[in-house]
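In what follows, a structure is listed as structure tokens, so that the remarks can point back to it.
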Amino acid sequence: MSVCVCVYRVVVMASCARTVWLGLKLLFIAASVSVKCASRSDLFDYGVQSGDRTLQSGSDQTQTVYLDRAVFFFDQNFEKVYVNTNGFVSVANPPAQSEYLGKMPATFGIIAAFLGDLDTSDGGGKVYYRQSTNPELLQRIGDQINQAFPEESKIKLTHVFLVTWENVAAQGAPDRGDGSHKQRNTFQLVLASTEFTTHAILLYPKDGMLYFSSPVEGESQTIEAGFSQGQIEGWLWSRQGPYYRIPTNVENTDVRELVEQTNSGKRGVWVYKIGSSSFTDIIPGHVTIVKEDVFPLEATENAEAIYSGRGEFTEDPLYVVEKIPPGRSPPESILLPRGNNPHDAYPLPRGPRPVNPQVVVLDEQDEAINVNVFSYFESCASNRHKCSSFADCRDYDTGYCCHCKPGFYGNGKECVAEGKPQRMNGKVNGRIYVGRSGSPVEFSNNDLHSYVVANDGRAYVAISSIPASVGHSLQPLASLGGVIGWAFALEQPEYMNGFSIVGGVFTRQAEVTFQPGGEKLTINQEFKGIDEHDHLVVSTRLEGRIPEVSPGATVQIDPYVEIYQYTSNLITSSSTREYTVSDPDGSVRTLNYLWRQQITFQSCPHGDSIHSVPPSQQLSVDQVFVMYDSANQLIRYAMSNKVGPISGTPEQNPCYTGRHGCDTNAACNPGPGNQFTCQCASGFTGNGRTCYDIDECVEDSGICGAHTICNNHPGTFRCECIDGFQYGADGRTCVQVHHDLNHCHRGTHDCDIAERARCSYTGGSTYTCSCLNGFTGDGRVCHDIDECQTSRCHRDAVCHNTHGSFICRCNVGFDGDGISCTADSVREKTKCEQDRETALAATSTFFRPRPTVGQFIPTCDHNGEYTPMQCHDSTGQCWCVYPTGQEIAGTRTGPDSRPTCTDIVPVGPTTRPDVRPPPSGANLIFAQNGKIDHIPLDGSSMKKEEAKTMLHVPDKVVIAVAYDCVDKMVYWTDITQPSISRASIEGGQPTAIITKDLGSPEGIAIDHLSRNMYWTDSGLDRIEVSTLDGKHRRMLFDTDLLNPRAIIADPVNGRLYWSDWNRDSPKIEMSNMDGTDRTVLVSDDIELPNGLSFDQYTRQLCWADAGTRKVECINPYTRLRRKVVEGLQYPFDIVSYGRNLYYTDWRRQAVVSVDHVTGKEVDEFLPQKRSRLYGMTTSYPQCPQGLAFSVFIKQTLIFKVSYFFRH
């Protein structure tokens, strides 16, 4: 058997005396067989520079990822997956690792690439993930799948999801005693999907796999890999679904075969078909034989030899030496022998093999023979694009590094101009307890902004939306944003600030311990690099408790120093900070806290880049200013920062003290003594004392190339491709986009409307149209089929044709559903007949066969149902009733008149037999085209199996629904023949209450206290109000509106909220319910606010945004705003009930529930007939109870609105 080894040609120097031995040795070497194996260079591009996101560092960390397109796993498709540190991706939220490590097959759906107890908490490893539809990447991955399944037709991918575990260590693995670091593995998983199938590609590079076991419950457990469907629920019990073991579905497989074998033609690369719409089992790739390359020995003076290893399995090569770059002579001896200890291996550097193999040279002049096996490495030739555009790429013996060009500084991957001011933006989340409070202050996406004048080290930081309950107490924490001061501190000679060392991608973890109370606060910050606006991006999380600082107190922080200790990928520091609190009563307190932090980053391991950094540096911070701005709810910090030696006389040159007078966009260049010069930063022009931005787009109109737009920015410019173009493989040239379009998904097809036809995507940009059941035609034009022509009803029934269907009604004297009819003589009596019989029996006796005066006897029609109009024979009064017999309020007339009940209760074919009123209790009510459905709620859980259609409204498109808890009526808007209608949920027929002067009614809200309804009209751009019967109609707003969409009422507090879908200026507004005090509530960071919901108990107004694809909430009284969930597909409407938020989603065609506290998706309901879902609301068994103090508000509001209508 051939073993998988990485093969390189060697340079050999031999003496004449050993020529014969050498010839025999080379003959043996030449006869050895080399096999191509996967290396880290074969992995698909990954990392932050490729647009990847990073999983939080730690052990057993999980991240939910909402997919742009669903993946198939076995016979199901999934809209989201879960990425975990422990080497797997799952389709269900994984339990604690103790439930699955060492216990495969798992009880949940899991794709285990390398399942073990893995860890990234030391900062040395990362887990990256991203989605992509990049055509070139899809092509490369598709080619890999086609290579594994050569007999199948060429695959056409639409979406890929990539996960890369880089340098992950086993949990608890110690550093090795020989001075080298703990063993780490790098591997990759790709989920590649078409419209109908999903394949998995697993890559295990030979140079990235150093261990194959991890500790589980104190014992070493062999790594596992495979596909497990998890538990499958049955009618009576559940069973374990299929489990396929990687690589060959054989028990007790040596997991080292993951590296050594293949099913795709390349060792270490495995391809499987793991799911489809008609799936039966996992299908492995078919190419298990690898083409083997034999290098014969040529009898030349420069004979070439191939070193193939020991001829037995080994994880590492026998010799590992430095590579000799082209143009350099080999040293006399660079042979590094290996010991017998298998753990003495030198770690292999990451990177591709050299393009040009080294040549074996035989020099008879040399006395000794040295065989040098060159390890491979990444070079600038294929990685120059990973460096900043302001950096040079430099090759070293073991790899490459990026170095910023003169006039710029950074780590080479990211470089900024010397002297140019820097900005930092980000969000702050978390919660802080203040003093002895038992309730935390929540931070939810609070804005953090910072600005640094780089040429004097002055940093300014501001955090917004800080309530007074915590704002004063945050004043001592100047270092909360002071990390940017360290990053861009003024450098003393031979010393480097943070950005010069780590660049813009790093993590910072800090712990603050306050004295004397012992309160602790943890600060976790992830710096994500410089964005397209040249701003450093950071996310911050705060957790813990801080001592209370009294409102109105001021805080003064004395200058301090902090010692930073530097190693290859870790920076640590600690210090004690003193601060003085001056309370409003005049008392002064001096307190302190202990500050400890560590910063982890990825340095370049090649060359002497990290070794040029002094092992210890001192950050000196002075001129510290802190303030809480209660009026604007801002916490502000400012400080001056210098980095230099721990001891020694400070430099007095103005460039090192910051007192130079150069422009803020200029670099200060020190001269002898106190002399200096000012030089404008790159991208600026001037004399250094005054600098002006250079508009590169104007000065060189062709600077960006063809098919681009040039955008000028301070100190730089950006090139963007015009519409229809995107950057090609070189990242610079704009090439025309040729995307396959799913016209069915985009709605750009020419099929008939969704109520009559179905559009089916067939790949590429093609589709087919077909008529739905009940219609006939070519799919582009469909006509209703008159099913009554084929006599589908019972012989004793009459057939009524409907749109796309039909209804059967039994004849007089028969009862049934029309398909089956039974003579009245054997059928059960209807409710009307029973009520009539009971009324007659209660008053009739043998001596009195007629009803007594004053007794009401109901009237039934020939089918035994209540007639629409009922009359009292004794009083002469008449009224209209619902089919249940319940009187319709407001229809009773006196003896001399009769109501027109046919206008209120439509007469026609009965509804389908499965239509029922919703059960008692709470229900979700939602609209789906021409019907309104309901889902009973059990607490916060959807009883999906009991979901039913509540009301059919054929040929209508119901947009919004609302519920009146007093009369138990559901109201809805229809845009086909614009109208607003209502019906009782207890079985009433629909009644149109407003049919005139409507454009496109899209939102509706009910005030159950004052008995009014409000609606938005996006066609006429106005908001109106009327009483619940449609009378007393008034205009509320008809100015400053453009496409008003959702509207919601808070009757208890007398407030009205609505969203405006204006694409140029979207907003959410509020007012009193009589239209006074109109105010814009939200106008930032929203795009398409579709749905609104208000929870009167938490005072949270939440909205679903189809543009930002988020659900967010705000307290209208405190204006505190928070993000609940993001990554949605196309939310339409939203309601709140209990702990959950429920929203309808157009693309998922589902009702989705989300825990509004944790932001995690809880459940999903998929209707049996899939189509777009529109508005939704909730029905309650009782009206919501307001607070005690709201009674006065209710009464006042009712008076105001009533007055509004009267006048």
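Residue numbers (full-length UniProt numbering): 1 to 1207. Glycine is no exception: its CB is placed at the ideal position from the N, C-alpha and C atoms.
Coil, strand or helix - residue i by DSSP
i: Glu1024; result: strand
i: Leu1101; result: strand
i: Ala839; result: helix
i: Ile29; result: In this prediction, Ile29 scores a pLDDT of 36, lower than 50, which makes its location untrustworthy; the coordinate-derived value is nonetheless stated afterwards. In the structure shown, Ile29 sits in a helix (DSSP, three-state: H, G or I).
i: Asp119; result: strand
i: Phe499; result: helix
i: Val163; result: strand
i: Pro247; result: coil
i: Cys808; result: strand
i: Lys931; result: strand
i: Ile785; result: coil
i: Ser941; result: strand
i: Cys793; result: coil
i: Gln61; result: coil
i: Val255; result: coil
i: Arg69; result: strand
i: Ile466; result: coil
i: Ile484; result: helix
i: His472; result: helix
Residues bridged to residue i [DSSP beta-bridge criterion]
i: Val48; result: Answer by DSSP bridge pairing: none, since Val48 is not bridged.
i: Ser1153; result: Tyr1142, Asp1163
i: Phe856; result: Paired residue(s): none; Phe856 is not in a bridge.
i: Arg431; result: Glu442, Glu543
i: Phe725; result: Gln736
Per-residue burial, residue i [other beta carbons within 10 Å of its own, 16 or more giving buried]
i: residue 1251; result: For the chain, the structure presents residues 1 to 1207; residue 1251 sits outside this window and is missing.
i: Ile557; result: buried
i: Pro247; result: buried
i: Asp815; result: buried
i: Pro1089; result: buried
i: Arg69; result: buried
i: Arg898; result: exposed
i: Val966; result: exposed
i: Cys1183; result: exposed
i: Ser153; result: exposed
i: Pro95; result: exposed
i: Pro331; result: At Pro331 the pLDDT is 35, less than 50, meaning the model places this residue with poor confidence; the figure from the coordinates comes in the next sentence. Looking at its Cβ environment, which holds fewer than 16 other Cβ atoms inside 10 Å, Pro331 is exposed.
Within 8 angstroms, strictly: CB atoms of residue i and residue j
i: Gly1091; j: Ile1134; result: yes
i: Cys799; j: Cys810; result: no
i: Cys860; j: Thr900; result: no
i: Ala200; j: Tyr272; result: yes
i: Gly127; j: Val163; result: Just to set this straight, residue 127 is Val in the shown sequence, not Gly. A contact, by the Cβ cut-off of 8 angstroms.
i: Ala478; j: Val626; result: yes
i: Ser620; j: Gln597; result: no
i: Cys880; j: Cys871; result: no
i: Ile1023; j: Leu1041; result: yes
i: Phe114; j: Thr198; result: no
i: Thr1127; j: Tyr66; result: The question names Thr, but residue 1127 in the sequence shown is Gly. Cβ atoms of Gly1127 and Tyr66: closer than 8 angstroms.
i: Gly818; j: Ala797; result: yes
i: Ile722; j: Thr733; result: no
i: Ile463; j: Asn446; result: yes
i: Trp1015; j: Ile1004; result: yes
i: Pro547; j: Gly517; result: yes
Could you tell me whether the stretch 514 to 522 touches the stretch 532 to 549, where touching means 3 or more Cβ pairs closer than 8 angstroms? yes
Check whether the stretch 926 to 942 touches the stretch 1173 to 1182, counting contact only when three or more Cβ pairs, one atom from each stretch, lie closer than 8 angstroms. yes
Meets three-Cβ-pair contact criterion under 8 angstroms: the stretch 219 to 238 and the stretch 106 to 113: yes
Does the structure place the stretch 276 to 285 close enough to the stretch 207 to 220 that three or more beta carbon pairs sit under 8 angstroms? no
Three CB pairs or more closer than 8 angstroms across the stretch 589 to 607 and the stretch 652 to 664: no
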